[in-house]
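Trainee: This structure is in structure tokens; I'll ask about it shortly.
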Amino acid sequence: MDLSSINPVLLLASLMVAATPIMLAAIGELVVERAGVLNLGVEGMMITGAVCGFVVAVGTNSPWIGFAGAALGGALISLIFGFLTQFLLSNQVATGLALTLFGLGLSALMGQGYIGIKAPAFPDWYIPVLGDIPVIGPIIFQHDPMVYVGLALVAAVWGFLRYSRAGLILRAVGENHEAAHALGYHVVRVRMLAIMFGGACAGLGGAYLSLVRVPQWTEGMTAGAGWIALAIVVFASWRPGRLLLGAYLFGGVTVLQLNLQAAGAAIAVEYLSMAPYLATIAVLVIMRAGRAPGSLGQSFHASR
Amino acid sequence: MTTKTLLASAALALGLATGATAQDTTTVGFVYVGPIGDGGWTYEHNKARLAVEEHFGDAVETVFVESVPEGPDAERVMTQMALQGADLIFTTSFGYMDATINVAAQFPDVKFEHATGYKRADNVSTYSARFYEGRAVQGHIAGQMTESNIIGYIASYPIPEVIRGINAAYLHAQEVNPDVEFRIIWAYTWFDPAKEAEAANVLIEQGADVILQHTDSTAPQAAAQAAGNVVTFGQASDMAEFAPFPRVSSIIDDWAPYYIARTQAVIDGTWESMDTWDGIGPGMVGIGEITDAVPADIKASAEDLIERLRTGEYHAFTGPINRQDGSVWLADGEIADDGTLAGMNFYVEGITAEIPQ
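If you read the sequences in order, they're chains A and B. Counting from 5, one number per residue, gives the positions in the first sequence under our numbering. Counting from 148, one number per residue, gives the positions in the second sequence under our numbering.
Structure representation (structure tokens):
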């Protein structure tokens with residue numbers, strides 16, 4: 005075993021990158037679930053975002069516009085889910101699963117002419133001064149901008165849910181939609197907005213894969229990342245802080261296990277491969293204190 | 148008889164009935180492990196399927212299901228295909244082995260062809276390509292191209308085919324560069340671009356300047372390209388969009404002639420269960436163009452190696468070769484037998500890693 009070949013600075017730096025797509029998708033889903041909606045279509049929205057982002061970025065030659073396109077694409081496909089579940093009162097679990105299947109198929113269709121094409125480069129930010137700090141600089145301050153967008157989104161969602169009036173309304177809708185309705189809040193409108201936000205975030209997460217992480221378009225490229233994001237929301241007890249921890253833990257152990265394998269660590273590969281899942285579940289379960297939003301997964305209609 | 152079996156036999160009768168009405172067209176089914184747009188393994192199988200369609204025109208109809216997980220789901224997909232009247236079904240991943248055998252037992256009149264496996268039955272053939280010949284060529288080039296003497300290898304599952312590839316590449320890299328060292332990552336997936344990219348990045352961070360991959364997406368190629376000074380090889384497909392650098396050569400699977408021949412055999416009624424294992428010689432394994440990023444002398448010696456493999460003058464596993472523990476596997480000049488190769492579950496001497504058990 006040659007552990008000296010693992011560079012801890014590079015390891016921690018790649019941790020932040022590995023965690024970003026899951027974190028982006030998970031923070032969107034967290035808002036959706038806090039509004040009382042269970043959208044299992046994260047995987048489908050991610051892959052749609054991945055292809056939309058890629059197509060737009062290649063077309064405009066700008067990764068930034070690509071990310072905007074991905075957010076828009078994710079939000080649009082989530083509207084289908086929103087319409088079916090909020091207005092036609094379809095079952096949320098079944099509709100979410102259908103959305104995943106639909107998204108996978110739609111993205112394969114949209115991406116037909118884009119296989120093997122390269123995405124425009126999305127250079128890392130070398131933040132002056134901060135990026136020059138030894139050790140911490142390369143770990144935290146030398147990434148592509150989307151890593152910071154993801155962190156900012158988590159912080160914004162945390163502040164929004166905790167301190168803003170709108171966040172309070174959203175939580176009220178998620179905890180007890182009938183009470184919120186009785187107080188005069190428009191349950192369906194709040195939920196539709198939350199669903200669109202969730203779709204946009206999932207789209208960003210998907211585009212992070214197709215524009216930064218991989219970076220190219222291949223069918224089915226999210227390969228289950230959306231399901232991990234869903235699981236992290238639950239294990240993080242629907243709290244943004246823990247979600248950040250969960251995503252970084254998952255990303256970190258994933259990168260660490262690959263590093264250990266490459267360095268020839270004397271641990272069976274099977275254990276290393278399951279380590280990210282075990283570690284994330286174990287830590288978040290131990291810390292677990294929250295409970296699900298009261299109205300999670302229930303359909304609402306004003307007549308009842 | 149339970150309702151379930153009644154339903155099943157009704158469906159079976161229906162399937163046979165539709166099969167009978169469509170007597171003059173032969174239906175060929177394909178089960179894929181990844182999406183047809185993966186740019187690698189499944190992409191090539193699908194290309195061969197299209198070649199079958201083109202070759203036979205209206206006489207043959209093809210159906211396919213992509214991204215079928217290895218496991219019970221595969222059995223369901225194959226059963227469905229057989230019920231819908233497929234005459235010949237190609238199951239194109241190692242992990243479909245048991246599912247293929249199980250389904251074949253239920254449909255004795257349907258012919259099955261399982262890729263890269265070793266279990267056969269009266270209506271189940273196996274076929275594979277001697278990819279290790281291509282791996283030998285890759286190792287030969289990689290050993291001379293590396294400056295850090297560290298070669299990264301992204302492996303999928305610890306099955307004989309993958310282990311054979313690692314051994315072949317290592318033997319031929321070590322032959323030209325005794326100091327070469329292999330770093331192996333088991334991705335436990337055939338297709339997960341994000342994970343493959345991560346694995347490639349980790350290997351590059353640990354000093355590898357050549358990456359060999361036995362996973363199906365082009366993500367490691369993109370990672371190498373971003374790193375700038377890392378050599379890669381196309382896997383299963385040419386991956387020419389990354390030529391001339393980082394992709395300096397490739398292994399190309401060419402299944403079309405085999406698929407056409409086997410379909411013809413079904414039409415003629417001459418189909419028999421058999422085991423096919425072809426290499427560079429018959430053309431099942433193609434070596435993609437070696438680009439000019441490879442120095443001329445290395446290119447020339449690689450082409451010589453390809454030629455000797457093609458004519459059969461040289462076998463990629465020719466002794467003396469020791470096992471990893473130092474015991475003798477092949478004596479000087481001895482050539483590996485296909486049985487040992489097909490079930491290969493050990494590394495050769497010099498590889499420091501361990502095979503996951």
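Cβ coordinates follow ideal geometry from the N, Cα and C atoms, glycine included.
What is the DSSP secondary structure of Arg282/B, reduced to helix, strand or coil?
Mentor: Against the second sequence, residue 282/B aligns to sequence position 135. It is helical.
Trainee: For Gly375/B, count neighbouring Cβ atoms within 10 angstroms of its own Cβ and tell me buried if that reaches 16, exposed if not.
Mentor: Position 228 of the second sequence, counting from 1, holds the residue named residue 375/B. Exposed is the call here.
Trainee: Which residues in chain B have a C-beta closer than 7 angstroms to the C-beta of Pro219/A? List them in chain order.
Mentor: Taking the first residue of the first sequence as position 1, residue 219/A is located at position 215. Result: Ala369.
Trainee: Pick out whichever of Asp171/B, Gly242/B, Phe211/B, Glu280/B has its Cα sitting closest to the Cα of Tyr461/B.
Mentor: The residue given as residue 461/B occupies position 314 in the second sequence. The candidate whose alpha carbon is nearest that of Tyr461/B is Glu280/B.
Trainee: What residues are listed by DSSP as bridge partners for Asp425/B?
Mentor: For the purposes of this step, residue 425/B is identified with residue 278 of the second sequence, where counting begins at 1. DSSP, once it has assigned bridges, lists Ala276/B as partnering Asp425/B.
Trainee: Determine the chain A residues that contact Ser214/B at a beta-carbon separation under 7 angstroms, and present them in chain order.
Mentor: Position 67 of the second sequence, counting from 1, holds the residue named residue 214/B. Chain A residues near Ser214/B: Gly224.
Trainee: Beta-carbon within less than 8 angstroms of Gln261/A's beta-carbon, same chain only, minus the 5 sequence neighbours each way: which residues are those?
Mentor: On the first sequence, residue 261/A is found 257 positions in, with the first residue counted as 1. Excluding positions up to five away in sequence, the list reads Leu276, Ser277, Ala279, Pro280.
Trainee: Using a Cβ-Cβ cutoff of less than 8 angstroms, which residues in the same chain neighbour Leu450/B once the five nearest sequence positions on both sides are dropped?
Mentor: Here residue 450/B corresponds to residue number 303 of the second sequence, with the count starting at 1. What sits at residue 450/B in the sequence shown is Glu, not Leu. Counting only Cβ-Cβ distances below 8 angstroms, and skipping sequence neighbours, we find Ile437.
Trainee: Note down, in chain order, all residues in the stretch 146-159 of chain A with a beta-carbon under 7 angstroms from any beta-carbon belonging to chain B.
Mentor: Answer in chain order: no residues at all.
Trainee: I'd like the list of long-range same chain contacts for Arg311/B, defined as Cβ closer than 7 angstroms, with 5 residues on each side in sequence excluded.
Mentor: Residue mapping note: residue 311/B aligns to position 164 of the second sequence, counting from 1. Taken in chain order, the residues that qualify are Tyr279, Leu488, Met491.
Trainee: Would you call the CB atoms of Ala112/A and Pro182/B closer than 8 angstroms?
Mentor: Looking up residue 112/A in the first sequence gives position 108. Looking up residue 182/B in the second sequence gives position 35. Closer than 8 angstroms, so yes.
Trainee: Any C-beta of chain A sitting closer than 8 angstroms to the C-beta of Glu388/B?
Mentor: As a working mapping, residue 388/B is identified with position 241 in the second sequence. Yes - at least one Cβ of chain A is within 8 angstroms of the one on Glu388/B.
Trainee: Mind checking the stretch 255-267 of chain A against chain B and listing, in chain order, the residues whose C-beta falls within less than 8 angstroms of any C-beta there?
Mentor: Going along the stretch 255-267 of chain A in chain order, one finds Thr258, Val259, Leu262, Asn263, Gln265, Ala266, Ala267 with a Cβ nearer than 8 angstroms to chain B.
Trainee: Sorted by chain position, which residues of the same chain lie with C-beta nearer than 7 angstroms to Ala195/B's C-beta, five sequence neighbours on each side aside?
Mentor: Looking up residue 195/B in the second sequence gives position 48. Hits under 7 angstroms: Trp402, Ala403, Tyr406.
Trainee: Can you list the residues of chain A that Pro503/B reaches, using a CB-CB cut of under 8 angstroms?
Mentor: Along the second sequence, one-based indexing puts residue 503/B at 356. The contacting residues are Ala272, Val273, Glu274.
Trainee: Name the residue from His202/B, Ile502/B, Gln360/B, Val378/B whose alpha carbon lies nearest to the alpha carbon of Ser384/B.
Mentor: Position 237 of the second sequence, counting from 1, holds the residue named residue 384/B. Of the candidates His202/B, Ile502/B, Gln360/B, Val378/B, the one whose C-alpha sits nearest the C-alpha of Ser384/B is Gln360/B.
Trainee: For Pro12/A and chain B, any beta-carbon pair shorter than 8 angstroms?
Mentor: Looking up residue 12/A in the first sequence gives position 8. Not closer than 8 angstroms to any Cβ of chain B, the Cβ of Pro12/A fails to qualify, so no.
Trainee: Is it the case that the Cβ atoms of Val495/B and Arg470/B are separated by a distance below 8 angstroms?
Mentor: Within the second sequence, residue 495/B is the residue found at index 348, counting from 1. Within the second sequence, residue 470/B is the residue found at index 323, counting from 1. Closer than 8 angstroms, so yes.
Trainee: Shorter than 8 angstroms from the beta carbon of Glu191/B to some beta carbon of chain A?
Mentor: Mapped onto the second sequence, residue 191/B falls at position 44. Chain A contact via Cβ: absent.
Trainee: Say whether chain B places a C-beta atom closer than 8 angstroms to the C-beta of Ala22/A.
Mentor: Looking up residue 22/A in the first sequence gives position 18. Cβ-Cβ to chain B under 8 angstroms: yes for Ala22/A.
Trainee: Beta-carbon within less than 8 angstroms of Val210/B's beta-carbon, same chain only, minus the 5 sequence neighbours each way: which residues are those?
Mentor: The count along the second sequence starts at 1 and reaches residue 210/B at position 63. Closer than 8 angstroms at the Cβ level, and outside the excluded window around Val210/B, lie Thr174, Val175, Gly176, Phe177, Met228, Gln231, Ala233.
Trainee: How is the alpha helix (DSSP H) around Val395/B delimited, first residue to last?
Mentor: Here residue 395/B corresponds to residue number 248 of the second sequence, with the count starting at 1. From DSSP, Val395/B is part of no alpha helix (DSSP H) but of the beta strand (DSSP E) over 394-400.
Trainee: Looking at chain A, is there any beta carbon in it that lies within less than 8 angstroms of the beta carbon of Trp333/B?
Mentor: Residue numbering aside, residue 333/B sits at position 186 when the second sequence is read from its first letter. It does: the Cβ of Trp333/B has a partner Cβ on chain A nearer than 8 angstroms.
Trainee: Can you list, in chain order, the residues of its chain with a C-beta nearer than 7 angstroms to that of Asp128/A? Leave out the 5 residues immediately preceding and following it.
Mentor: Sequence index remark: in the first sequence, residue 128/A carries index 124 (1-based). So the qualifying residues of the chain are Gln146, His147, Asp148.
Trainee: Report yes if the CB atom of His287/B is closer than 8 angstroms to the CB atom of Leu477/B, and no otherwise.
Mentor: As a position in the second sequence, residue 287/B is number 140, starting the count at 1. As a position in the second sequence, residue 477/B is number 330, starting the count at 1. Not in contact: His287/B and Leu477/B (Cβ atoms no closer than 8 angstroms).
Trainee: Any C-beta of chain A within less than 7 angstroms: which residues of the stretch 346-358 of chain B qualify?
Mentor: If the cut-off is 7 angstroms between Cβ atoms, the stretch 346-358 of chain B has Ala346, Asn348, Val349, Leu350, Glu352, Gln353, Gly354 near chain A.
Trainee: Could you work out which residue in Ala346/B, Thr226/B, Phe203/B is closest to Val250/B when comparing CA atoms only?
Mentor: Locating residue 250/B in the second sequence gives position 103, where the first residue counts as 1. Looking at the Cα atoms, Thr226/B is the closest of the given residues.
Trainee: Look at Val161/A and Ile31/A and say whether their C-beta atoms are less than 8 angstroms apart.
Mentor: Here residue 161/A refers to the residue found at position 157 of the first sequence. Here residue 31/A refers to the residue found at position 27 of the first sequence. It is a contact, given that the beta carbons lie within the stated cut-off.
Trainee: Looking at Ile484/B: is its Cβ nearer than 8 angstroms to the Cβ of Gly466/B?
Mentor: Within the second sequence, the letter at position 337 stands for residue 484/B. Within the second sequence, the letter at position 319 stands for residue 466/B. Per the sequence presented here, residue 484/B reads as Asp, with Ile not at that position. Not in contact: Asp484/B and Gly466/B (Cβ atoms no closer than 8 angstroms).
Trainee: To the nearest angstrom, report how far apart Gln353/B and Phe203/B are at their CA atoms.
Mentor: As a position in the second sequence, residue 353/B is number 206, starting the count at 1. As a position in the second sequence, residue 203/B is number 56, starting the count at 1. For Gln353/B and Phe203/B, the distance between alpha carbons rounds to 50 angstroms.
Trainee: Find out if the Cβ-Cβ distance for the pair Pro142/A, Ala17/A is shorter than 8 angstroms.
Mentor: If you number the first sequence from 1, residue 142/A lands on position 138. If you number the first sequence from 1, residue 17/A lands on position 13. Yes, they are a contact pair.
Trainee: Please state whether DSSP places Lys89/B in a helix, a strand or coil.
Mentor: Chain B is shown from 148 up to 504; residue 89/B falls before or after that span and cannot be answered.
Trainee: Does any residue of chain B have a CB that is nearer than 8 angstroms to the CB of Gly115/A?
Mentor: For the purposes of this step, residue 115/A is taken as the residue at position 111 of the first sequence. Yes, Gly115/A counts as interfacial toward chain B.
Trainee: Run through DSSP, which three-state label would Trp333/B get?
Mentor: Taking the second sequence and counting its residues from 1, one reaches residue 333/B at position 186. Residue state, collapsed to three classes: strand.
Trainee: Can a CB atom of chain B be found closer than 8 angstroms to the CB of Ser307/A?
Mentor: The residue you call residue 307/A lines up with position 303 of the first sequence. Chain B contact via Cβ: absent.
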